[in-house]
Structures are given as C-alpha cells and as structure tokens.
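> Before I ask anything, let me first share the structure, which is written out below as structure tokens.
Residue numbers (the working numbering), protein chains in the order written: chain U, 261 to 687; chain R, 261 to 687.
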C-alpha cells in the first residue's frame, strides 16, 4: 500500500510556515515500517486541491490531507474533496454538538459565530474523527464503487500541529494500520555518539543473520534513529536483543526521545541535579533541557557567560587564565566548571566555551574550536573539539556532545562513547 | 509564470529532516511577488523523480529541484533529469576543476575518491551554476524544441541549506526574475506587536488608495511579515511611505530580520549592553540573541534561574518575596531585574518568570501566566501576561514579548506597542 500526503495552505508555499506535518507523519509511519511515497503542497485554492487530489489518488492508495478544515473563507478542503468525489456536504449533528460544547467551555459569555458551524459540514458517507484539541473534526473516507478510485482511502486532518499530532497518533494511525496489507512489527532505537555510516557498518552482521528484517536509518544532530520492521514478530525480538547488545553504550533508553530527556530521567533516578555554564552555545543547552516538561525537578539553572567579565565575576575564572590561555581554552572550561559548582552546588554540570563564528577565528584558534567540560559527582572531563559547519551547526554540535558526555558519565561509561564522530560530520 | 518546487530525498518523507528548502525559496520568491503554485517531495528513486518532474512540468513553467546532486549512490537527480529530457550526461571540465580544487583546499594529503567526480556530470546543453559552499554544482536548463515542454525551465540545486540558500539567493533568483513575464517591484516589512488581522484592518485604507498594489501577510510568533508588490515602481514607493507612517512604532528597521537583530542594532547604536534573567523561558531569549552573529559586542550574558534558590542566591530575590508572592509574581520579576543589574551592570535587562506548563498551574496562577520585567537605563516596566497554547508556544510568546518591550524602550515608544495581542492568539 502506498501512502500519499497532501498539505494545504498558502503559508507553506510562501515560507511563512515550515511544513512540519509531513515530517511528523513520516516519522510516525516509519515506526510501522512504511513512509509516504509522495507528498504535495498546494495553496488554499479549490481548483489546486482537486488537481492535487487527482494526482495523489492516482499515484498512491491512502491519502493523508492536512489543513483547510477551519471556519474561514480560505478553508476549502472539504468542499474540494466533496466536489472531487461527487458527494454532497451535510451538517453533521454530532460535530455541531462538539463545536458548540467546546465554544461554551472556552469562551463563556460570547455567542458562537454562525460561520464557525461550517466546520461541522462533512461529505456524505464519511466517518467523523473527533478533534479533542480544537474545533475542526477530522474526516475518514473509504472510497466505494460509485467514487473515483474505489478501494482507496482519504483522511482529512486539521493543519495546526497541536491538533494534527494527537489526532494522527491516536485516531489516524489505527486506520492506516487497518488498511495495511499485512501486519508489521517494528521498533525504534536512538543511538547517540555514533555516525550514520558507522551504525550501518555495525548493523551488517545483524542484518545478515535475520533475512526477514528491514532496517532504516535517519541521522539527526544528536543521534541516529534506527528503525527496524518485519512481518515476523520473533525477528523483531531477536533483532532488538542483538541491537541492545551491539549498541549497549550508545543506546538511549526506550523512554527517551532526546538526549536531554534521557539525562533528565537519569538525573531523577540517581537523585542528581544539574547546572550549566554556557559561552558559545549561549543558552542552547539550557533551552534543550527546559524543553522537557518536568525539567525543573532536577535542573537548577545556569549562567550564560558570553562576556569575559561575566566569566570572571560570576564563574570566578581567573583573569590570569583569560590573559594567558584565552577564554577558548581547556583551562577556562575547567575553571568555569569549578565556578559553576561553587555557585549552584549541583551534583552535575556542563561548561562550554568556543568559537561559533562566522567571525572571531584565528590560525591558532579557528572557528569551530570548542572546549567542553563536564562533571558528574567526583568525575570530571574537559575535552577539545573541532566542529565543522555553520554557526548554527557548531552550536548544535557543541550542545549535543556536551549532553552526551554527561549521559555517558551518568551511565558510568567511558566518555569516548560520547561522540568523536562530531569532529568530522558529513559535508 | 507558475513556479514548481521538487524536493528530493527519503529523509524528507521519513521525517528525519524537515523540508526547510521549500519555505526558504518560497519566502524569497514572495519578495518578488510570486510563490510556488505546487511543491512535491519524493524519495531518492529515479522512477519517482521522473514521475514527479512530469507532474510539475505539466502544471508549472519553472521547476526548482533540490537534493540528490551529491556523490553517493542515492544521488540520482541528474541521471533522472537527463533520462526525462532524453539528453546525455557528460563530465564537465570546469566542474571537475572546481571539485578537485575544493578537495585540495579542504583536505590536503588524501586523494580525491573517484566517485566524487560524478558530481561534475551534467546534461548536454545545460548551464553550470558554481557552488561556492560545497562540491556539487547547480544546473540550469532552458528547454528547447527537441525537449518535452519546450519554453519551460529546470534548475537543480544541492539539498543542504548551507549550499542551497546562497546559490538560490545569488545565482538562481536572477534566473527566475529573467524568466518572469513582467518586472515586479516589491518590499518586505516586519511588523512586531500587532496581530495579523489587525495589520490587515489597518492596511485597508492604503490598499483602497493604491489599486495597483498587491499585499500578502504572513504571521510568525514574533511579528507579521507584510509583503507588497506591484508592476509599478511608484506604487511601491507610495505604499512604503504610507506603511512607514501607519506602523511607525511597530515596524522593524529595514536592516533587521528578527526582533533580536533589531535589538542588537539598537544596543550598538546607543552604546548599551544587555543581560538576561530567565526562568520559564529557560535560556530561549539568550538563544535568540546569540543566534545573531556579532551579539557578543553588546550581550554580556545571563542567568537561567530555574530553581528558586538560584533566584535567591544569584539574583538576590528575597526569600520573603518568594514566600509571600511566589516565584511567579510581579514582585519576583522586579527583584530579578534588580539582581540582574547588580550582577552584570548592563544598561538594559530582561527578566521572565511564569508557568509554561503542562504541569504547575493552579486556579489562581494558571498555565500561561507570565511576568516580564524590562529595564532600559532609568526606565522600568514589569507586566503581567496570560498566554494561551502549548509549553513551546507559551515560552516562544514570552520571549517575543520580552524582546519587543525592550525594542520599544530603546526606541522611546510606549511599551503598549510591544504586543498585547499575544494575550489572545488565534487558536
């Protein structure tokens, strides 16, 4: 079965909004061993939508549509689909009730604007998908003999990720799985500190021993995602066991979806606390940590010491150190760590000082040179790294390595597992 | 003339990489008054690419292709295009020289792998677009009488944004403009602190007085982008003048593309310095500021005071304040600001304390309640805000309002121009 994705909205083509819905659905589908065969973005024009639907219905079997279900005049997805199928729209009473109830609970006092109820209009014969995070319901259609493309499927979902994501996970994925030709078993692993090509190499032995296994890799700044799928449940069990052994020290736990999440789980488990001293990352690590709900249980805070005098005054870096070795030096990273420990008294800490560019590099200290210090109780590591790439990439890689060193220390692993690969990223 | 975009790569459909190239090109095209009529994503398979090209060449006139130009076995864009056009690939000597020169300058010592030179293969009759930021050159094709779709255009660009962005700006946009039927004049404004619908309302008078003017709006968390285009240069001049008057206090300067950039320009101009005390934003404002190259000239650093004891120890918030009013209070935001001033001695500062959720809210202090304090020399403002949305949205809106209050203060405007609209964002 081929999956198609249609994302509707002028804003996607004008660059006002980056299309994250495609990536979201793609990554969730991949966990079931499939991914879209084609994706399309078109403006909010009825004629463009019908045209796009025709293309996708011809090329694929199950079309996921996002956007254009709202109450305003540019929300035209349902009329377009109804026109394409030759079905009528009718006002669904269950949807009317859900919309009026939601309105009443959200804004007591003011009347529901009449045009809001257009969100309750659905094509005849369609199945309503309730929206628990917004007003516009989703719609599911199995095409029959009277429709064009009989036997194929269309699902329409609201465009905002805060509504689409939960609807896709809990209501749409079961429909996709039901339509799949065969039952697929799958598992997703996150491998931190190893490059994609090295993960591929180390997987060869496992793949060779399990012919029924399908494997896919996706590289992100902080880890490689490894997806395994098979029609045979036992194959997934065996592969998982072999992968857990092969990548023992690089695997995130099954509960964590980011290295920051893993660190917060580990800190809680070990009754540890964390603080941060950031220079060139400028608050990025703090940002990644506080992105995780519940971070406040273990994260105390940090100091962004962008200027040298902040390093001296708040982190007690010696002025002689700054004079002799400069702010970008292992000596400075080490003293930042000491100062951090004194200021916050946490059991763990990370310090980062480097040159993110594009300016500020010299022959001796080029752009990309970063010193990262980490302490975890009595253990301490200060390392020198040279990252390639843009300012953003150097900052992102510095943050990823800093977090991964702490992960290794909390796990009691050698910090060499934290990712020398970041030294030579693929261009 | 209709523009089509084709983005190639399994990773886009698997969700490993979010397609930012479409948005980048879309936003740049919009500055010329056009935007893509259709965009497509397909996997790295020759057959899918040819199929996608056929669809786009039928629907549009100028097709922008990104990705699949590299040296590995899944880089199949050029063979696919050559096959589609029935043209042969040949090894271009100019491209061979550029690739070998780049290799020599990057990694002295090691030999160039032979398969790397496949990047120099281009279809007969194509024009080479030099790549100044990577090895794979771009390719430009005007289709002739012997080709399918004569009179149409294809441009191929490398997929990595660090290579595509500068190539699109400096080498591809001139080709698009040359192919446009008529000369268009345009301008882009950034309006901070006013909601999209209010910008639309206030534009009505201007639009009514200038019939030759086209207007487009794009809402982002920190501002609304307002694009104006016209075939008549004088219309753009008149509209610009009217817009500058209407939105005098909300317009960013022409040099700034973000509020953080505007603030850094203003701080430099006024010889001011900045420090930050962040609680619920957890380093996000620091991150936005340090995203801007050259921020170090005016930004000294900050304290992320996530735990109350950090507020007490480093920012000298009184324990009685925390006891009586709590950490999420105007009193605490005010004392954080005083502590910040003492610790860093900067001429400007921002403090943020609030409840980003999803947990931690109460009847009295719900999720979304945020106090923001800003000082700028002798001026001081502490405000109470209630933001709707997810944890991420609440954090992003808090950061946007904090920065915009500082912008207003630096400009000498009333802080009411900083954005009460953020209180009731569109759902």
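We put the beta carbon where it would ideally sit given N, CA and C, even for glycine.
(1) Show which residues of chain R have a CB atom less than 7 angstroms away from the CB atom of residue 547 of chain U.
(2) Any heavy atom of the ligand NAP within a distance shorter than 7 angstroms of the CB on residue 265 of chain U?
(3) How about residue 479 of chain R: is its C-beta nearer than 8 angstroms to some C-beta of chain U?
(4) Exposed or buried, what is residue 601 of chain R when buried is set at 16 or more other beta-carbons lying within 10 Å of its beta-carbon?
(5) Have a look at residue 652 of chain U and residue 551 of chain R and give me their C-alpha separation to the nearest angstrom.
(6) What does residue 531 of chain R reach in chain U if we use C-beta pairs closer than 7 angstroms?
(7) In whole angstroms, what is the alpha-carbon distance linking residue 683 of chain U and residue 639 of chain R?
(8) Would you mind sorting residue 657 of chain R into buried or exposed? The rule is 16 or more other CB atoms within 10 Å of its CB.
(9) In terms of residue numbering, what span does the beta strand (DSSP E) encompassing residue 381 of chain R cover?
(10) Is the Cβ-Cβ distance between residue 241 of chain U and residue 439 of chain U less than 8 angstroms?
(11) Where residue 321 of chain U and residue 382 of chain R are concerned, what is the direct C-alpha to C-alpha distance, given to the nearest angstrom?
(12) If you measure beta-carbon to beta-carbon, which residues of the stretch 435–458 of chain U are closer than 8 angstroms to chain B?
(13) Please go through the stretch 557–639 of chain U and give each complete beta strand (DSSP E) segment of 3 or more residues, from N-terminal end onward.
(14) Go ahead and pull the three-state DSSP assignment for residue 453 of chain R.
(15) Does the contact criterion of 3 or more C-beta pairs under 8 angstroms hold for the stretch 592–611 of chain R versus the stretch 622–633 of chain R?
(16) Anything in the stretch 268–281 of chain R with a Cβ closer than 8 angstroms to a Cβ of chain U? List those residues in chain order, please.
(17) Is it true that the CB of residue 285 of chain U sits closer than 8 angstroms to the CB of residue 265 of chain U?
(18) Between which two residues does the alpha helix (DSSP H) containing residue 338 of chain U stretch?
(19) Residue 522 of chain R CB to nearest chain U CB: under 8 angstroms?
(20) Residue 273 of chain U and residue 301 of chain U look like a contact to me (Cβ under 8 angstroms); what is the Cβ gap, rounded to whole Å?
(21) Taking only beta-carbon atoms, is residue 630 of chain R less than 8 angstroms away from chain U?
(22) For residue 409 of chain U, I'd like the list of residues in its chain whose CB is within less than 6 angstroms of its CB, leaving aside the five on either flank, ordered along the chain.
(23) Round the Cβ separation of residue 574 of chain U and residue 587 of chain R to the nearest angstrom and send it over; I've been treating them as touching at under 8 angstroms.
(24) Can you confirm whether the stretch 413–430 of chain R touches the stretch 461–474 of chain R when touching is taken to mean that 3 or more C-beta pairs between the two stretches lie within less than 8 angstroms?
(25) Report the neighbours of residue 287 of chain R on chain U: residues whose CB is nearer than 8 angstroms to its CB, in chain order.
(26) Find out if the Cβ-Cβ distance for the pair residue 348 of chain R, residue 342 of chain R is shorter than 8 angstroms.
(27) Looking at chain U, is there any beta carbon in it that lies within less than 8 angstroms of the beta carbon of residue 301 of chain R?
(28) Please classify residue 333 of chain U as buried or exposed, where buried requires at least 16 neighbouring CB atoms within 10 angstroms.
(29) Excluding sequence positions up to five away, which residues of its chain have a Cβ less than 6 angstroms from the Cβ of residue 432 of chain U?
(30) Have a look at residue 523 of chain R and residue 447 of chain U and give me their C-alpha separation to the nearest angstrom.
(31) Below 8 angstroms between beta carbons is the criterion; list the residues of the stretch 304–335 of chain R that meet it against any residue of chain U, in chain order.
(32) Below 7 angstroms CB to CB, which residues in the same chain sit around residue 261 of chain U once its five sequence neighbours on both sides are set aside?
(33) Distance cutoff 8 angstroms, beta carbons only. Does residue 485 of chain U sit that close to anything in chain R?
(34) Which value, in whole angstroms, describes the spacing of the CA atoms of residue 685 of chain R and residue 480 of chain R?
(35) Let me know if residue 354 of chain R comes out buried or exposed under the rule of 16 or more other beta-carbons within 10 Å of its beta-carbon.
(36) Could you tell me which whole alpha helix (DSSP H) segments of length 4 or greater appear in the stretch 413–493 of chain U?
Taking the geometry as given:
(1) 542, 543, 544, 547
(2) This structure does not include the ligand NAP; it has no bound ligands of any sort.
(3) yes
(4) buried
(5) 7 angstroms
(6) Going along chain U, no residue has its Cβ under 7 angstroms from residue 531 of chain R, so there is no contact; the nearest lies around 15 angstroms.
(7) Because residue 683 of chain U sits at a pLDDT of 41, beneath the cut-off of 50, its placement in the model cannot be relied upon, and the following sentence gives the value as read from the coordinates. The straight-line gap from Cα to Cα measures roughly 46 angstroms.
(8) buried
(9) 381–383
(10) This structure does not reach residue 241 of chain U, given that chain U is present from 261 up to 687, and the question cannot be answered.
(11) 35 angstroms
(12) Absence of chain B from the displayed structure is noted, the protein chains being U and R.
(13) 559–565, 608–614, 629–636
(14) coil
(15) yes
(16) 270, 271, 272, 273, 274, 275, 276, 277, 278, 279, 280
(17) yes
(18) 337–345
(19) no
(20) 6 angstroms
(21) no
(22) 317, 403
(23) Their Cβ separation, rounded to whole angstroms, is 21 angstroms, which puts residue 574 of chain U and residue 587 of chain R out of contact at 8 angstroms.
(24) no
(25) 274, 275, 276
(26) yes
(27) yes
(28) exposed
(29) 415
(30) 46 angstroms
(31) 308, 311, 312, 315, 319
(32) 321, 322, 439, 440, 441
(33) yes
(34) At residue 685 of chain R, the pLDDT of 33 sits below 50, so the modelled position is not reliable and the matter cannot be decided from this model.
(35) exposed
(36) 421–427, 433–439, 456–469
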